[in-house]
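When we follow the working numbering, the leftmost residue of the sequence shown carries the number 972, and every step to the right adds one.
The C-beta atom is built at its ideal place from N, Cα and C for all residues, glycine as well.
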Amino acid sequence: MRRIHLVGGKNHGKTTLLCELVTHLSDQGLRVGTIKHTHHHHELDTPGKDSHLHRESGAAVVGILTRSMNAVFWPGTALDSDEDALEADDRYEAFTPSFRDCDLVLVEGDTRTSAPKIEVWRASLDTSPMLDRLPNVLCLVTDDMIKCSVPVLPRSDLSVIADFVWNAAQE
972 MRRIHLVGGK
982 NHGKTTLLCE
992 LVTHLSDQGL
1002 RVGTIKHTHH
1012 HHELDTPGKD
1022 SHLHRESGAA
1032 VVGILTRSMN
1042 AVFWPGTALD
1052 SDEDALEADD
1062 RYEAFTPSFR
1072 DCDLVLVEGD
1082 TRTSAPKIEV
1092 WRASLDTSPM
1102 LDRLPNVLCL
1112 VTDDMIKCSV
1122 PVLPRSDLSV
1132 IADFVWNAAQ
1142 E
């Protein structure tokens, strides 16, 4: 699975850029999948509904199949804050079968993985970029002036960003 992570602080524009990249790359004929990573606990199923009751009864994996949407729930591994990049990367292997037909998978978030990352950054939010503290950051996407150790791509030029992402996914 070709995976590129979009990372950055809260409200730096990760979701917006990810959605724009999906549209742009899909318009070019690519099949793009996405994964949203969060460090918060979320109950993704609806408590009290049949599928949730299946899980509560002890089912190892629960699927929901409808005419318009499908979902599969399986328990995550509750890794602590000391997990290493290898453990973080291993969690994505479970998704591989569902994304096998995708040319590229864009992941929003997950700074701890060793997978390639693109950082989205805005100076107006008064934070410094994370790129020097994270493994494998390939570039910084921003419209702000900054000197750093990786290429800086203009946030206002989606074509440049999309080309960079696609080329990075090929390596």
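When the five nearest sequence neighbours on each side are left out, the beta carbons in the same chain lying within less than 7 Å of the beta carbon of residue 1096 are those of 980, 982 and 983, in order along the chain.
Around residue 1006, the same chain offers 1066, 1076 and 1078 as residues with beta carbons nearer than 7 Å, after the five sequence neighbours per side are excluded. Taking 8 Å as the upper bound for CB-CB distance, residue 1107 and residue 1087 are in contact here, some 5 Å apart.
Of the other Cβ atoms in all chains shown, 16 or more fall within 10 Å of the Cβ of residue 1003; this residue is therefore buried. In the assembly as shown, residue 1133 is a buried residue. Its beta-carbon has 16 or more other beta-carbons within 10 Å. The beta-bridge partner set that DSSP reports for residue 1042 consists of 1035. For the 8 Å CB-CB criterion, residue 1136 and residue 1089 form a contact. In the three-state DSSP reduction, residue 989 falls in the helix class (H, G or I). Residue pairing from DSSP places residue 1004 in a beta bridge opposite 1076. Looking at the DSSP output, residue 976 bridges to 1078 and 1088.
Residues of the same chain with a CB within less than 8 Å of the CB of residue 1081, apart from the 5 flanking positions on each side, are 976, 978, 1008 and 1059 in chain order. Judged by their CB atoms, residue 985 and residue 1131 are not nearer to each other than the 8 Å cut-off. DSSP links residue 1124 through a beta bridge to 1112.
Going by DSSP, residue 1028 is part of no alpha helix (DSSP H) at all; its letter is neither H nor E. Cβ neighbours of residue 1043 within its own chain (closer than 6 Å, five residues either side excluded): 1034. A Cβ-Cβ distance of about 6 Å is found for the pair residue 1102 and residue 1111, placing them in contact under the 8 Å criterion.
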